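Participant: Numbering (my numbering), first residue to last: -14 to 290. Where a beta carbon is used, it is the ideal one built from N, C-alpha and C, also for glycine. Predicted, not measured: the structure shown is a model, and the values here were computed from it. The structure under discussion is supplied below as structure tokens; questions concerning it will follow.
See below:
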């Protein structure tokens, strides 16, 4: 099995679409290289931020293949979850065949299985595919919470190596960390705004939306937090907090695609039923991005120093 250090920033990548709705693979590859150059610890294509719900399974695998081929030295963690266990196993096998180094598995959505069903679902994929896997808990999208006891039980499986915490419940995230401290198991924030609190409790990083837009600062924030430099981590947290909030003012990935387009990193096109960011939030997003650009150290001054 591939060994991956699940410490750092793992951008949940967007999927760029051309005006006719087809995947823009050239822009996707460029984006993967930009993020690798920025120092991220890994890349997460074809997840919720990548509009996986509107990708066909073939497109899903094509996205993974493009990112795998584009990068040199960072792991690619493919979103490969489904609300059907059979589909999740099949998609995970295909992602492994496409060169993915690890898998991100959202808990089954809409079905609302009980905890026993959730455990069986994740174990079925972990038994079928010999890659490191991340359990992804986002009850706001799935309608069901993966309870801390279930996560702790799954963490004993050799292929279940991490947990993406996107419940927004810091007490629950703390309990997961408490229950898994003795395992080779990483807890990653699934909410940019909670990255610092999660890392301060022993979490190891973030699967990040903001990391697509401000990768260097997000990396510095996590590095500082993990290394215990909480003063610097707090400073960066507050610098980035307006962006964290604005990227979720409308449904993800609507705002982040707008931010990427504003920064010149790809088209804003989304697949229906998602629509482009409305005027008032866009104006505020532009202001926040301009403020962040203005606060960046001058490159020539930094080099001279």
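Please say whether residue 203 and residue 213 have beta carbons closer to each other than 7 Å?
Facilitator: In this structure, residue 203 does not lie closer than 7 Å to residue 213 by Cβ.
Participant: Quick one: using the 10 Å Cβ neighbour count with 16 as the cut-off for buried, is residue 289 buried or exposed?
Facilitator: Residue placement at residue 289 is flagged as unreliable, the pLDDT there being 45, under the threshold of 50; the coordinate-derived value follows with that caveat. Exposed: under 16 other Cβ atoms inside 10 Å.
Participant: Am I right that residue 8 and residue 47 are in contact with their C-beta atoms under 8 Å? What's the rounded C-beta distance?
Facilitator: The pair is a contact, with the Cβ atoms about 7 Å apart (cut-off 8 Å).
Participant: Can you name the start and end residues of the beta strand (DSSP E) that residue -7 belongs to?
Facilitator: Start and end: -7 to -4.
Participant: Spatial neighbours of residue 284 within its chain, please: CB distance less than 7 Å, with the 5 preceding and 5 following residues excluded, ordered by chain position.
Facilitator: Its pLDDT being 44, under 50, residue 284 is placed unreliably by the model, and nothing is read from it.
Participant: Pick out whichever of 261, 245, 275 has its Cα sitting closest to the Cα of residue -1.
Facilitator: Of the listed residues, the one whose Cα sits closest to residue -1 is 245.
Participant: Give the straight-line distance between the Cα atoms of residue 114 and residue 125, rounded to the nearest whole angstrom.
Facilitator: Spanning the two alpha carbons is a distance of roughly 27 Å.
Participant: Which value, in whole angstroms, describes the spacing of the CA atoms of residue 275 and residue 229?
Facilitator: Taking the straight line from one Cα to the other gives about 15 Å.
Participant: Based on the DSSP output, what are the partners of residue 89 in its beta bridges?
Facilitator: The partner list for residue 89 (beta bridge, DSSP) reads 64, 119.
Participant: Can you tell me whether residue 172 is buried or exposed? The criterion is at least 16 other CB atoms within 10 Å of its CB, across all chains shown.
Facilitator: Result: buried.
Participant: Determine which residues share a DSSP beta bridge with residue 2 and list them.
Facilitator: Per DSSP, 8.
Participant: Taking C-alpha atoms, which residue in 178, 151, 136, 21 lies nearest to residue 145?
Facilitator: Nearest of 178, 151, 136, 21 to residue 145, Cα basis: 136.
Participant: Inspect the CB distances between the stretch 139 to 158 and the stretch 169 to 189 and report whether three or more fall short of 8 Å.
Facilitator: Short answer: they touch.
Participant: Give the straight-line distance between the Cα atoms of residue 82 and residue 92, rounded to the nearest whole angstrom.
Facilitator: The straight-line gap from Cα to Cα measures roughly 22 Å.
Participant: Please report the Cβ distance between residue 2 and residue 252, rounded to the nearest whole angstrom; I am assuming they are in contact, meaning their Cβ atoms lie under 8 Å.
Facilitator: With 8 Å as the limit, residue 2 and residue 252 qualify as a contact, their Cβ atoms being about 6 Å apart.
Participant: By DSSP, does residue 257 sit in helix, in strand, or in coil?
Facilitator: It is coil, neither helix nor strand.
Participant: Could I get the ranges of all uninterrupted beta strand (DSSP E) runs contained in the stretch 134 to 183, with 3 residues as the minimum, in chain order?
Facilitator: Qualifying beta strand (DSSP E) stretches, in chain order: 145 to 150, 171 to 174.
Participant: Just mark residue 67 as buried or exposed, buried being the case when its beta carbon has 16 or more other beta carbons within 10 Å.
Facilitator: Flag for residue 67 reads buried.
Participant: Taking the alpha carbon of residue 56 as the point to measure from, which residue in 37, 69, 15 has its own alpha carbon closest?
Facilitator: Of the candidates 37, 69, 15, the one whose C-alpha sits nearest the C-alpha of residue 56 is 15.
Participant: Throw me the rounded Cβ distance for the residue 140 and residue 170 pair, which I believe falls under 8 Å.
Facilitator: Going by Cβ atoms, the distance from residue 140 to residue 170 rounds to 4 Å, so yes, they are a contact pair.
Participant: List the residues that DSSP assigns as beta-bridge partners of residue 194.
Facilitator: Looking at the DSSP assignment, residue 194 forms no beta bridge with any residue, so it has no partner.
Participant: Going by DSSP in three states, residue 28 sits in which element: helix, strand or coil?
Facilitator: Correct three-state label for residue 28: strand.
Participant: Mapping the DSSP letters down to three states, classify residue 236 as helix, strand or coil.
Facilitator: Looking at residue 236 - three-state DSSP - the assignment turns out to be coil, as it is neither helix nor strand.
Participant: In this structure, does DSSP put residue 75 in helix, strand or coil?
Facilitator: Here residue 75 sits in helix by DSSP.
Participant: Round the Cβ separation of residue 201 and residue 23 to the nearest angstrom and send it over; I've been treating them as touching at under 8 Å.
Facilitator: With 8 Å as the limit, residue 201 and residue 23 qualify as a contact, their Cβ atoms being about 5 Å apart.
Participant: Less than 6 Å between C-beta atoms, sequence neighbours within five positions excluded: which residues of the same chain meet that for residue 291?
Facilitator: Look at the range of the chain in this structure, -14 to 290, and you will see that residue 291 is not part of it.
Participant: Counting C-beta neighbours from all protein chains within 10 Å, is the total for residue 117 16 or more, i.e. buried, or is it exposed?
Facilitator: Buried is the call here.
Participant: Helix, strand or coil: which one does DSSP assign to residue 273?
Facilitator: Helix at residue 273.
Participant: For residue 105 and residue 85, I'd like the C-alpha separation in whole angstroms.
Facilitator: The straight-line gap from Cα to Cα measures roughly 23 Å.
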